[in-house]
Amino acid sequence: MDKISITIENLTVLAELTESPTAQRIWEALPLEGKANVWGEEIYFIIPIKTELEREARAEVEVGDLGYWPSGPAFCIFFGATPISTSHKPRAYSPVNVFGRILGDLTPLKTVTENARISVKRKGES
Numbered sequence: 001m002d003k004i005s006i007t008i009e010n011l012t013v014l015a016e017l018t019e020s021p022t023a024q025r026i027w028e029a030l031p032l033e034g035k036a037n038v039w040g041e042e043i044y045f046i047i048p049i050k051t052e053l054e055r056e057a058r059a060e061v062e063v064g065d066l067g068y069w070p071s072g073p074a075f076c077i078f079f080g081a082t083p084i085s086t087s088h089k090p091r092a093y094s095p096v097n098v099f100g101r102i103l104g105d106l107t108p109l110k111t112v113t114e115n116a117r118i119s120v121k122r123k124g125e126s
């Protein structure tokens, strides 16, 4: 599976992509950059990719999931409850294509602020 690095200001986390059409589209579009939006314990940013919802798309996701939100279109990082969650699990505003998962500790993501610079690259690229 392909690995990516997500850098938000001075924080870098690694993630692993799934084998899905959305993951492939994201991989081919790298590197991506933008400004972070924070919605509860979700970070997202607008990306220049257009793709449809996959059959497995869902609104309730797992902590650590990466999702593509077609309405944005946005790259989403879920690390806890969002304003519309009904439990400790993240809930997207509307269904997303889950295309990857953060590897390691998610706690540092809680320090990310609105408009922080974010970049996503293939692991090992500078």
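Numbered per my numbering, the sequence shown spans residues 1 to 126.
Even glycine gets a Cβ: it sits at the ideal position worked out from N, Cα and C.
Contact check, residue i vs residue j, beta carbons under 8 angstroms
i	j	result
Phe45	Ile102	no
Asp2	Leu14	no
Gly67	Val96	yes
Gly80	Pro90	yes
Ala23	Val61	no
Ile26	Ile49	yes
Glu54	Phe78	no
Ala59	Ser94	yes
Cα-Cα separation, residue i to residue j
i	j	result
Gly104	Thr82	20 angstroms
Range of the contiguous alpha helix (DSSP H) that encloses residue i
i	result
Arg25	21 to 29
Element boundaries [beta strand (DSSP E), containing residue i]
i	result
Glu62	Where Glu62 is concerned, there is no enclosing beta strand (DSSP E), given that its DSSP letter is neither H nor E.
Ile47	Looking at the DSSP string, Ile47 is not in any beta strand (DSSP E), and its letter there is neither H nor E.
Thr7	3 to 8
Gly34	32 to 35
Which runs of the beta strand (DSSP E) spanning at least 3 residues fall entirely within the stretch 70 to 123, listed in chain order? 74 to 78, 91 to 103, 117 to 122
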